[in-house]
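Q: So the sequence shown is numbered by the working numbering: it starts at 13 and just counts up by one. The C-beta atom is built at its ideal place from N, Cα and C for all residues, glycine as well. Quick caveat: nothing in here was measured; it's all calculated off a predicted structure.
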Amino acid sequence: MELKTSDVAIRLGVSPKTIQRWVRKYNIPLRRNEAGHYLFDEKTVALLERVKFEQGAAMEAPPTPKRPPTPLRNNIPIDALHESIEPEIARVSSRLDQLERQLEQKADDIVSIQLLHHRQEMEEIVARLTALEQLVARLEQQLNNRPPSSHETSDEPKQKRRGLGRVMGLFA
């Protein structure tokens, strides 16, 4: 089975560009379709899985060393700067929470309005449907109460004209 780059990317959990980069970096020989896109087989996918594993191991961050003593910035310890920034961070955070609540309220209001519009449309449709049902019932009643016309077929079978066939047979 041959897979496209996007299928392999989904299978490996990486982007298609990453797959293309690995193919070029590791010089992996692949067939291409008429549009020039890579075609992958199971063997190549297994190779790319190994590349992903090796890339993942290489990307792991080395253990962080113990934190060195706090450096000075303009003769002020960074910890002191953090303490002066904390109230501002708390203010921004509370404002962000307030904005999120307002946004949720607006979203709720919009959904409520949409529901009201949908309900109104449904009620209009139901009213039209009821009117149509009444019209159909009235027309059926008129049709059932109407006397049969002369050109309509009756329940009596039509008599056949038997003599005409004999006369026609004489001229044949």
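1) Under 7 Å between the Cβ atoms of Arg43 and Leu51?
2) By DSSP's criteria, Leu15 is part of a beta bridge. Which residues make up the other side?
3) Taking buried to mean at least 16 other C-beta atoms within 10 Å of its own C-beta, is Leu60 buried or exposed?
4) Is it the case that the Cβ atoms of Ile31 and Ala21 are separated by a distance below 7 Å?
5) Out of Asp53, Ile40, Val57, which has the shortest C-alpha to C-alpha gap to Val26?
6) Measuring only the C-alpha atoms, how far is Asn39 from Ser96?
7) Mind checking Thr17: buried by the 16 CB within 10 Å criterion, or exposed?
8) If Lys64 and Leu24 are in contact, beta carbons under 8 Å, what's the gap, nearest whole angstrom?
9) Are there 16 or more other CB atoms within 10 angstroms of the CB of Val35, so buried, or fewer, so exposed?
10) What does DSSP give as the partner residues of Arg44 in its beta bridges?
11) What did DSSP end up calling Asn156 once you bin it into helix, strand or coil?
12) The alpha helix (DSSP H) that contains Val35, what's its start and end?
A: On the basis of the supplied data:
1) Yes, the pair counts as a contact, with Cβ atoms nearer than the cut-off.
2) DSSP output for Leu15 lists Phe52 as bridge partner(s).
3) Burial call: buried.
4) Between Ile31 and Ala21, the C-beta spacing is below 7 Å.
5) Val57
6) 54 Å
7) buried
8) 5 Å
9) buried
10) Tyr50
11) helix
12) From DSSP, the alpha helix (DSSP H) with Val35 extends over 28 to 37.
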